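Colleague: Questions regarding the structure given below will be posed in turn.
Numbering (UniProt numbering), first residue to last: 1 to 136.
Right, dumping it as C-alpha coordinates:
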(Lines of atoms letter the chains of each structure in order from A; the text may use other names.)
(Lines give C-alpha, C1' and ligand atoms only; values in the text may rest on other atoms or scores of the structure.)
Protein backbone atom coordinates (compact mmCIF):
# COMPACT_ATOMS: atom_id res chain seq x y z
CA UNK A 1 0.00 0.00 0.00
CA UNK A 2 2.81 2.41 0.88
CA UNK A 3 4.54 1.72 -2.45
CA UNK A 4 1.36 2.63 -4.32
CA UNK A 5 1.05 5.89 -2.41
CA UNK A 6 4.66 6.78 -3.16
CA UNK A 7 4.14 5.90 -6.83
CA UNK A 8 0.97 8.02 -7.06
CA UNK A 9 2.71 10.92 -5.31
CA UNK A 10 5.64 10.74 -7.74
CA UNK A 11 3.28 10.76 -10.72
CA UNK A 12 1.43 13.78 -9.34
CA UNK A 13 4.74 15.54 -8.75
CA UNK A 14 5.85 14.77 -12.30
CA UNK A 15 2.69 16.23 -13.84
CA UNK A 16 2.76 19.38 -11.74
CA UNK A 17 6.49 19.92 -12.29
CA UNK A 18 6.03 19.82 -16.06
CA UNK A 19 3.53 22.66 -16.11
CA UNK A 20 4.78 25.30 -18.52
CA UNK A 21 4.50 28.90 -17.37
CA UNK A 22 3.20 31.08 -20.19
CA UNK A 23 3.83 34.36 -18.40
CA UNK A 24 7.52 34.87 -17.79
CA UNK A 25 8.60 37.18 -15.00
CA UNK A 26 12.04 38.00 -16.44
CA UNK A 27 11.38 40.85 -18.86
CA UNK A 28 15.05 41.79 -19.23
CA UNK A 29 15.97 43.02 -22.72
CA UNK A 30 15.06 45.40 -25.53
CA UNK A 31 11.56 45.08 -26.95
CA UNK A 32 10.33 46.47 -30.26
CA UNK A 33 6.86 46.53 -31.74
CA UNK A 34 3.83 48.79 -31.71
CA UNK A 35 1.85 50.90 -29.28
CA UNK A 36 -1.85 50.81 -30.13
CA UNK A 37 -4.70 53.02 -28.98
CA UNK A 38 -8.04 51.27 -29.56
CA UNK A 39 -11.27 53.28 -29.39
CA UNK A 40 -14.50 51.55 -30.49
CA UNK A 41 -12.46 49.02 -32.50
CA UNK A 42 -10.63 51.84 -34.35
CA UNK A 43 -6.88 51.31 -33.98
CA UNK A 44 -4.15 53.96 -34.12
CA UNK A 45 -0.71 52.34 -34.10
CA UNK A 46 2.80 53.79 -33.69
CA UNK A 47 6.24 52.17 -33.59
CA UNK A 48 7.59 51.52 -30.12
CA UNK A 49 10.84 50.37 -28.50
CA UNK A 50 11.82 50.04 -24.85
CA UNK A 51 14.61 48.57 -22.76
CA UNK A 52 14.01 46.75 -19.46
CA UNK A 53 17.03 46.22 -17.20
CA UNK A 54 17.22 45.57 -13.44
CA UNK A 55 13.64 46.68 -12.70
CA UNK A 56 14.05 49.92 -14.69
CA UNK A 57 12.61 50.84 -18.07
CA UNK A 58 13.45 53.35 -20.78
CA UNK A 59 11.27 54.06 -23.81
CA UNK A 60 13.64 54.58 -26.76
CA UNK A 61 10.98 55.12 -29.43
CA UNK A 62 7.29 55.90 -29.07
CA UNK A 63 4.74 58.63 -28.46
CA UNK A 64 6.38 59.71 -25.17
CA UNK A 65 9.94 58.78 -24.16
CA UNK A 66 9.20 57.69 -20.60
CA UNK A 67 11.62 56.13 -18.13
CA UNK A 68 11.54 54.91 -14.55
CA UNK A 69 11.01 51.75 -12.52
CA UNK A 70 8.79 48.73 -13.08
CA UNK A 71 7.60 45.91 -10.87
CA UNK A 72 6.01 42.60 -11.81
CA UNK A 73 3.06 42.40 -9.41
CA UNK A 74 2.00 38.79 -10.11
CA UNK A 75 1.61 36.41 -13.06
CA UNK A 76 -0.81 38.80 -14.77
CA UNK A 77 0.09 42.40 -13.97
CA UNK A 78 3.10 44.70 -14.07
CA UNK A 79 3.31 48.31 -12.83
CA UNK A 80 5.41 51.02 -14.46
CA UNK A 81 6.29 54.20 -12.52
CA UNK A 82 7.41 56.96 -14.90
CA UNK A 83 9.86 59.43 -13.32
CA UNK A 84 9.52 62.28 -15.83
CA UNK A 85 7.68 65.60 -15.59
CA UNK A 86 5.04 66.18 -18.27
CA UNK A 87 2.79 69.03 -19.35
CA UNK A 88 -0.96 68.56 -19.00
CA UNK A 89 -1.89 69.17 -22.64
CA UNK A 90 -2.19 65.57 -23.89
CA UNK A 91 -3.60 62.15 -22.95
CA UNK A 92 -1.31 60.94 -20.16
CA UNK A 93 -2.24 57.35 -20.96
CA UNK A 94 0.14 57.68 -23.92
CA UNK A 95 2.93 57.46 -21.32
CA UNK A 96 4.03 53.99 -20.21
CA UNK A 97 2.86 54.45 -16.62
CA UNK A 98 0.54 52.61 -14.24
CA UNK A 99 -0.60 49.00 -14.05
CA UNK A 100 -0.94 46.81 -17.14
CA UNK A 101 -2.16 43.26 -17.66
CA UNK A 102 0.63 41.34 -19.38
CA UNK A 103 0.86 38.23 -21.49
CA UNK A 104 4.33 36.81 -22.12
CA UNK A 105 4.97 33.89 -24.45
CA UNK A 106 8.46 33.13 -25.68
CA UNK A 107 9.96 36.42 -26.87
CA UNK A 108 6.55 38.14 -27.17
CA UNK A 109 5.17 40.56 -24.59
CA UNK A 110 1.72 42.18 -24.70
CA UNK A 111 0.85 44.92 -22.20
CA UNK A 112 -2.78 46.08 -22.00
CA UNK A 113 -4.49 48.86 -20.04
CA UNK A 114 -8.24 49.31 -20.56
CA UNK A 115 -10.27 52.30 -19.43
CA UNK A 116 -14.04 52.19 -19.35
CA UNK A 117 -15.64 55.57 -18.99
CA UNK A 118 -19.01 55.52 -17.23
CA UNK A 119 -20.98 57.29 -19.93
CA UNK A 120 -22.99 56.36 -22.99
CA UNK A 121 -21.26 59.12 -24.93
CA UNK A 122 -17.64 58.20 -24.20
CA UNK A 123 -16.29 54.88 -25.50
CA UNK A 124 -14.01 52.46 -23.71
CA UNK A 125 -10.36 52.95 -24.59
CA UNK A 126 -7.60 50.33 -24.65
CA UNK A 127 -3.88 51.10 -24.69
CA UNK A 128 -1.82 48.13 -25.82
CA UNK A 129 1.86 47.42 -26.43
CA UNK A 130 2.52 44.44 -28.75
CA UNK A 131 6.23 43.70 -28.48
CA UNK A 132 8.94 41.17 -29.29
CA UNK A 133 12.26 40.91 -27.52
CA UNK A 134 14.92 41.94 -30.03
CA UNK A 135 17.95 41.95 -27.68
CA UNK A 136 18.60 40.39 -24.34
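C-beta atoms are modelled at their ideal positions from N, C-alpha and C, and glycine is treated no differently. Computed from a prediction, not measured in an experiment: that's the story for all the values here.
In chain order, what residues of the same chain have a beta carbon less than 7 Å from the beta carbon of residue 61, not counting five sequence neighbours either side?
Modeller: Excluding sequence neighbours, residue 61 sits near 47, 48, 49.
Colleague: Could you round the C-beta distance between residue 63 and residue 94 to whole angstroms and report it? I think they count as a contact, below 8 Å.
Modeller: Rounded, the Cβ-Cβ distance is 5 Å, consistent with contact.
Colleague: Rounded to a whole number of angstroms, what is the C-alpha to C-alpha distance between residue 128 and residue 41?
Modeller: So the two alpha carbons sit approximately 13 Å from each other.
Colleague: Could you have a look at residue 93 and say whether DSSP puts it in helix, strand or coil?
Modeller: Residue 93 falls in the helix class under three-state DSSP.
Colleague: Have a look at the DSSP bridge pairing and note the partners of residue 58.
Modeller: Per DSSP, 51, 67.
Colleague: Just mark residue 82 as buried or exposed, buried being the case when its beta carbon has 16 or more other beta carbons within 10 Å.
Modeller: Residue 82 is buried by the Cβ-count criterion.
Colleague: Could you tell me if residue 88 is buried or exposed, where buried requires 16 or more neighbouring beta carbons within 10 angstroms of its beta carbon?
Modeller: Exposed, by the Cβ-count rule.
Colleague: Alpha carbon to alpha carbon, how far is residue 79 from residue 101?
Modeller: Distance between the alpha carbons of residue 79 and residue 101: 9 Å.
Colleague: For the candidate residues 44, 27, 58, whose alpha-carbon lies nearest to that of residue 35?
Modeller: The shortest Cα separation from residue 35 among 44, 27, 58 belongs to 44.
Colleague: Looking only at its chain, what residues have a beta carbon closer than 6 Å to the beta carbon of residue 68, apart from the 5 residues adjacent to it on each side?
Modeller: Only 81, 82, 83 meet the Cβ criterion.
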